[in-house]
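Student: Got a structure for you, questions after.
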Amino acid sequence: MSQAELLLSESGPGPRRAAGFALLGERLWRPASALLLPLAGAIGWEAGAEQGLIDAHLLPPPSQLLATFAALLAKGEAVQHIAATGQRVALGFFFGMAAGTVLGATTGYFDLARRLLDPSVQALRSVPPLAWVPLFILWFGIFETSKVMLIAVGVFFPVYLNLAGAMHGVDRKLVEVGRVHGLSHARIIRRVLLPAALPGYLIGLRSGLGLGWMFVVAAEFMGASEGLGFLLVDGQMMGRPTTILVAIVLFAVIGKSTDFAVAIVSARLLRWQDAFKPSGSA
Amino acid sequence: MLELDLVAKRFANGHLAVAAASLVVRESELVAIVGGSGCGKSTLLRLIAGLERPSAGQVRLAGRPIEGPSPEIGIVFQEPRLMPWLSVADNVRFGLAARPRIEADKAVREVLRRVGLEDFAKAWPRELSGGMAQRVAIARALVTRPKALLLDEPFSALDAFTRLDLQDHLIALWNHDRPTMVLVTHDIDEAIALGDRVLVMGGRPGRIYRELSIAAPRPRDRTAPAFVQAKRAILDDLRLARRPAAEPADGYAI
Ligand SMILES: Nc1ncnc2c1ncn2[C@@H]1O[C@H](COP(=O)(O)OP(=O)(O)O)[C@@H](O)[C@H]1O
Ligand SMILES: [Mg+2]
Numbered sequence: 010m011s012q013a014e015l016l017l018s019e020s021g022p023g024p025r026r027a028a029g030f031a032l033l034g035e036r037l038w039r040p041a042s043a044l045l046l047p048l049a050g051a052i053g054w055e056a057g058a059e060q061g062l063i064d065a066h067l068l069p070p071p072s073q074l075l076a077t078f079a080a081l082l083a084k085g086e087a088v089q090h091i092a093a094t095g096q097r098v099a100l101g102f103f104f105g106m107a108a109g110t111v112l113g114a115t116t117g118y119f120d121l122a123r124r125l126l127d128p129s130v131q132a133l134r135s136v137p138p139l140a141w142v143p144l145f146i147l148w149f150g151i152f153e154t155s156k157v158m159l160i161a162v163g164v165f166f167p168v169y170l171n172l173a174g175a176m177h178g179v180d181r182k183l184v185e186v187g188r189v190h191g192l193s194h195a196r197i198i199r200r201v202l203l204p205a206a207l208p209g210y211l212i213g214l215r216s217g218l219g220l221g222w223m224f225v226v227a228a229e230f231m232g233a234s235e236g237l238g239f240l241l242v243d244g245q246m247m248g249r250p251t252t253i254l255v256a257i258v259l260f261a262v263i264g265k266s267t268d269f270a271v272a273i274v275s276a277r278l279l280r281w282q283d284a285f286k287p288s289g290s291a
Numbered sequence: 007m008l009e010l011d012l013v014a015k016r017f018a019n020g021h022l023a024v025a026a027a028s029l030v031v032r033e034s035e036l037v038a039i040v041g042g043s044g045c046g047k048s049t050l051l052r053l054i055a056g057l058e059r060p061s062a063g064q065v066r067l068a069g070r071p072i073e074g075p076s077p078e079i080g081i082v083f084q085e086p087r088l089m090p091w092l093s094v095a096d097n098v099r100f101g102l103a104a105r106p107r108i109e110a111d112k113a114v115r116e117v118l119r120r121v122g123l124e125d126f127a128k129a130w131p132r133e134l135s136g137g138m139a140q141r142v143a144i145a146r147a148l149v150t151r152p153k154a155l156l157l158d159e160p161f162s163a164l165d166a167f168t169r170l171d172l173q174d175h176l177i178a179l180w181n182h183d184r185p186t187m188v189l190v191t192h193d194i195d196e197a198i199a200l201g202d203r204v205l206v207m208g209g210r211p212g213r214i215y216r217e218l219s220i221a222a223p224r225p226r227d228r229t230a231p232a233f234v235q236a237k238r239a240i241l242d243d244l245r246l247a248r249r250p251a252a253e254p255a256d257g258y259a260i
């Protein structure tokens, strides 16, 4: 469609359609724009290695990383490592989220629970999560359980803090509307408090997931025979920077993808929000 | 009939917000309450709504004491208090949680039509102007067909044009099924234009200082001599009512 046609059709059903195309373009452009910087970096890096400006032994160029990754894929090892790490993060995230949600909602709603529990939880929060590692190893051994526990600890705190804080910050006036309409405690929690606290809760889940990816590396450094963290250790032992870099890039890509997925779901759930949008956004 | 029988409210901090208020509002009557800020108007309304328990005395609706919030009494606050995560229609439906879906849908459509927002059923609250949001709040209060509708300075945050518009609208809604209505306002014109009676409240402690009956048919000409005269009388009363009560009403102590 030409520019003139677009303008002329503005009084008919056209604008919608045009807006639809614009929206589709927008949808594709947005994620694509995020890839510009990494792509430019990769090209520069490759060119630099080609020209001998970068020492390919210490910083192997993208082509070598791709080759190594392809080899790992072919042997089925890439999938195995990604699945191992992904499973640990998923399990740790699940348990951390469940505990954070239950405890956060409890202290967020019941004042007594808040006074009894919250100070202790806050005190535990100031313990560096890695400090638990020796204890977990003694308790659960060096296998999966202690790894999942460590990740769950990392996920728990942001989920707990954000949910309890968000529930505490819910406008008393909205809760009163629930009371006016004769809603029970349980109904008020479900129909007023939880939806009102949802933005804070989702932020908690998102930062919890981020921490889950941080802690999986620590957990896999504890000793693992598979996983992206294992690849890192393995690459160091074997003196293979390519393996290390492949694992790092995989962390970046997978971590960002899961975060993006949560962000998309959040935006969908929070489309009612009247929030500030940076200029130039749709 | 809505009855307040020597109702008093002392808050936990010892502040006596309402002292010995007695009042009878006939069925379908529209009573306006004016008074300086902090004189206990909102507290009085919250006592009627069952949101606060009186420290002494009793509030009765149709002879039954009010023990807590009930679907027979609707309330509209100064702010619309819409749930931002619910569409306009779902906000109105909020008041109908217990009803079967189809019946609730019908009631929601009907009341949205009456407040002139049927086209906005699917809109988010953030997409509404202040006046529209307040009409949704009124619709939410009316959808349960309450016997009594309480309004706490419902139009005070709106601009003058919107306010006039909503005042007319409120009368039209009231005419539809004639709930008993108590309207708290700090706008004396609004009180005289809408009320069958205007009560002037005084503060420290909050009490009903005087009342004025307005018999003129609605809509009322705001420039008519009788209107202006009523306004002058109420202004005088407000001035007098501002002085602290010398002593609590006779034979009364809490
Ligand atoms: N929950 C409360 N606890 C203690 N004092 C209150 C409370 N609510 C209101 N008050 C006090 O009671 C008085 C009357 O308040 P309110 O009924 O809101 O006045 P109005 O609506 O007439 O402006 C005010 O002095 C206010 O500070
Ligand atoms: Mg008030």
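Chains as they are written, first to last, in the working numbering: chain A, 10 to 291; chain B, 7 to 260.
Glycine included, each C-beta is placed from N, C-alpha and C at the ideal position.
For clarity, every value in this text was computed on a predicted model and none was experimentally measured.
Can you tell which of B:208, B:55, B:245 and B:24 has its C-alpha closest to the C-alpha of residue 186 of chain B?
Tutor: Comparing Cα positions, the closest option is B:55.
Student: Residue 182 of chain A touches chain C at which residues, Cβ-Cβ below 9 Å?
Tutor: No chain C is part of this structure, whose protein chains are labelled A and B.
Student: Would you say the beta carbon of residue 193 of chain B comes nearer than 8 Å to a heavy atom of ligand 1?
Tutor: Checking the Cβ of residue 193 of chain B against ligand 1 gives no.
Student: Run through DSSP, which three-state label would residue 197 of chain B get?
Tutor: Residue state, collapsed to three classes: helix.
Student: For ligand 2, is there a heavy atom less than 8 Å away from the beta-carbon of residue 15 of chain B?
Tutor: The answer is no for residue 15 of chain B.
Student: Would the C-beta of residue 243 of chain B count as close to ligand 1, meaning under 8 Å from any of its heavy atoms?
Tutor: For ligand 1, not one heavy atom lies less than 8 Å from the Cβ of residue 243 of chain B.
Student: Heavy atom of ligand 1 less than 8 Å from the Cβ of residue 212 of chain B, yes or no?
Tutor: Yes; taking the cut-off as 8 Å, the Cβ of residue 212 of chain B has a heavy atom of ligand 1 nearer than that.
Student: For residue 7 of chain A, does the three-state DSSP call read helix, strand or coil?
Tutor: Because residue 7 of chain A is not part of the residues shown, which for chain A are 10 to 291, the question remains open.
Student: Going by C-alpha distance, which of B:24, B:69, B:82 and B:60 is nearest residue 185 of chain A?
Tutor: For residue 185 of chain A, the nearest C-alpha among the options comes from B:82.
Student: Roughly how many whole angstroms lie between the Cα atoms of residue 53 of chain B and residue 72 of chain B?
Tutor: Going by the C-alpha atoms only, they are around 9 Å apart.
Student: Could you tell me whether the region 26-36 of chain B touches the region 264-274 of chain A, using the rule of 3 or more Cβ pairs below 8 Å?
Tutor: Because the criterion of three Cβ pairs below 8 Å is not met, the region 26-36 of chain B and the region 264-274 of chain A do not touch.
Student: Answer with buried or exposed for residue 58 of chain B, where buried requires no fewer than 16 other C-beta atoms within 10 angstroms of its C-beta.
Tutor: Buried, because 16 or more other Cβ atoms sit within 10 Å of the Cβ of residue 58 of chain B.
Student: Quick one: list the residues of chain B neighbouring residue 120 of chain A, beta-carbon separation under 8 Å, in chain order.
Tutor: Residues of chain B passing the Cβ test: none, with the nearest at roughly 15 Å.
Student: Considering only C-alpha positions, which residue in the set B:136, B:237 and B:75 is nearest to residue 193 of chain A?
Tutor: Among B:136, B:237 and B:75, the Cα nearest to that of residue 193 of chain A belongs to B:75.
Student: What are the residues of the region 113-133 of chain B that lie near chain A, defined by any Cβ-Cβ distance shorter than 8 Å?
Tutor: From the region 113-133 of chain B, only 130, 131 and 132 have a Cβ closer than 8 Å to chain A.
Student: Going by alpha carbons, who is nearest to residue 156 of chain A out of A:175, A:57 and A:102?
Tutor: When each option's Cα is compared against that of residue 156 of chain A, the closest is A:102.
Student: Could you check whether the Cβ of residue 18 of chain B sits closer than 9 Å to any Cβ belonging to chain A?
Tutor: Judged by the 9 Å Cβ criterion, residue 18 of chain B is not in contact with chain A.
Student: What first and last residue would you give for the alpha helix (DSSP H) that runs through residue 286 of chain A?
Tutor: Neither: residue 286 of chain A is in no alpha helix (DSSP H) and is coded neither H nor E.
Student: Taking all protein chains shown into account, decide if residue 146 of chain B is buried (16 or more other Cβ within 10 angstroms of its Cβ) or exposed.
Tutor: With 16 or more other Cβ atoms within 10 Å, it is buried.
Student: Just the C-alpha distance for residue 112 of chain A and residue 89 of chain A, rounded to the nearest angstrom, thanks.
Tutor: Near 34 Å, if we compare the C-alpha coordinates of residue 89 of chain A and residue 112 of chain A.
Student: Give a yes or no on contact between the region 44-51 of chain B and the region 97-117 of chain B, applying the rule of three or more CB pairs nearer than 8 Å.
Tutor: Because the criterion of three Cβ pairs below 8 Å is not met, the region 44-51 of chain B and the region 97-117 of chain B do not touch.
Student: Are the beta-carbon atoms of residue 74 of chain A and residue 254 of chain A separated by less than 9 Å?
Tutor: Yes; because the gap between Cβ atoms is below 9 Å, this pair is in contact.
Student: Can you find the residues in the same chain that come closer than 6 Å, C-beta to C-beta, to residue 100 of chain A, ignoring five residues on each side of it along the sequence?
Tutor: Closer than 6 Å at Cβ, skipping near neighbours: 157.
Student: Grab me the residues of residue 18 of chain B's own chain with a C-beta within less than 8 Å of its C-beta, minus the 5 sequence neighbours each way, in chain order.
Tutor: Within the same chain, residue 18 of chain B has no close Cβ partners at all.
Student: Within its chain, find whatever has a CB closer than 6 Å to the CB of residue 253 of chain B; leave out the 5 residues flanking it on each side and keep chain order.
Tutor: Since pLDDT at residue 253 of chain B reaches only 45, below the 50 mark, its modelled position is unreliable, and the value read off the structure follows with that caveat. Within the same chain, residue 253 of chain B has no close Cβ partners at all.
Student: Which of the three DSSP states is assigned to residue 168 of chain B in this structure?
Tutor: Looking at residue 168 of chain B - three-state DSSP - the assignment turns out to be helix.
Student: Alpha carbon to alpha carbon, how far is residue 176 of chain A from residue 211 of chain A? Give it in angstroms, no decimals.
Tutor: Approximately 12 Å, taken between the alpha carbons.
Student: Is there a C-beta anywhere in chain B that falls below 9 Å from the one on residue 286 of chain A?
Tutor: With 9 Å as the cut-off, residue 286 of chain A does not count as an interface residue toward chain B.
Student: Assign residue 143 of chain A to buried or exposed, taking buried as 16 or more other Cβ atoms, counted over all protein chains shown, within 10 Å of its Cβ.
Tutor: Exposed.
Student: Between which two residues does the beta strand (DSSP E) harbouring residue 11 of chain B extend?
Tutor: Counting along the chain, the beta strand (DSSP E) containing residue 11 of chain B begins and ends at 8-16.
Student: On a Cα-Cα basis, can you pick out the residue from B:40, B:220 and B:155 that is closest to residue 181 of chain B?
Tutor: The option with the nearest alpha carbon to residue 181 of chain B is B:155.
Student: List the DSSP bridge partners of residue 207 of chain B.
Tutor: Residue 207 of chain B is bridged to B:41 and B:214.
Student: Got a sec: which bits of the region 231-260 of chain A sit with their beta carbon under 9 Å from any beta carbon on chain B, in order along the chain?
Tutor: Against chain B - using a Cβ distance shorter than 9 Å - the region 231-260 of chain A contributes no residues.
Student: Decide if residue 116 of chain A is buried, meaning its Cβ has at least 16 other Cβ atoms within 10 Å, or exposed.
Tutor: Classification of residue 116 of chain A: buried, given that the 10 Å Cβ count is 16 or more.
Student: With 9 Å set as the bound, which would you pick, yes or no: does the beta-carbon of residue 55 of chain B sit closer than that to a beta-carbon of chain A?
Tutor: Taking Cβ atoms only, chain A reaches closer than 9 Å to residue 55 of chain B, which makes this a yes.
Student: Spatial neighbours of residue 71 of chain A within its chain, please: C-beta separation below 7 Å, excluding the five flanking residues on both sides.
Tutor: Hits under 7 Å: 51, 54 and 55.
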